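Peer 1: Each residue of the sequence shown is one higher than the one before, counting from 265 in our numbering.
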Amino acid sequence: MASKTVSLSEEAYERLLTWKNTDYENFSGIILRVLPKHRDISKILEEFRKRRSLNI
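(1) Please list the terminal residues of the continuous alpha helix (DSSP H) segment that includes Glu289.
(2) Can you give me the C-alpha to C-alpha distance between Phe291 and Arg316, rounded to a whole angstrom?
(3) For the alpha helix (DSSP H) containing Ser306, name the first residue and the last one.
(4) On the DSSP letters alone, give me the boundaries of the alpha helix (DSSP H) that Leu280 sits inside.
(5) Please state the DSSP three-state secondary structure of Val213.
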């Protein structure tokens, strides 16, 4: 599988690390698990509101 290089700020990197479930999960796995496929904007906003209310 092809890969891409992405630059992150230190803050973004640290925040992404908090989403790791195991020591073996890579960032691609986190992104695929956490970020949904393209959806209607209202559903995306609803998900963000839920996460914000849970302080995720």
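Here a beta-carbon is modelled for each residue, glycine too, at the ideal position from N, C-alpha and C. This one's a predicted model, so the numbers in the text were calculated from it and none came from an experiment.
Peer 2: Taking the coordinates as given:
(1) To locate residue 289, count along the sequence shown from 1; it is residue 25. Note, Glu289: premise wrong, no alpha helix (DSSP H); not H, not E.
(2) Along the sequence shown, one-based indexing puts residue 291 at 27. Along the sequence shown, one-based indexing puts residue 316 at 52. Spanning the two alpha carbons is a distance of roughly 22 Å.
(3) In the sequence shown, residue 306 corresponds to position 42, counting from 1. Counting along the chain, the alpha helix (DSSP H) containing Ser306 begins and ends at 305-317.
(4) Position 16 of the sequence shown, counted from the start, is the residue given in the question as residue 280. Its alpha helix (DSSP H) spans residues 274-281.
(5) The requested residue 213 does not occur in the structure, where the chain is confined to residues 265 to 320.
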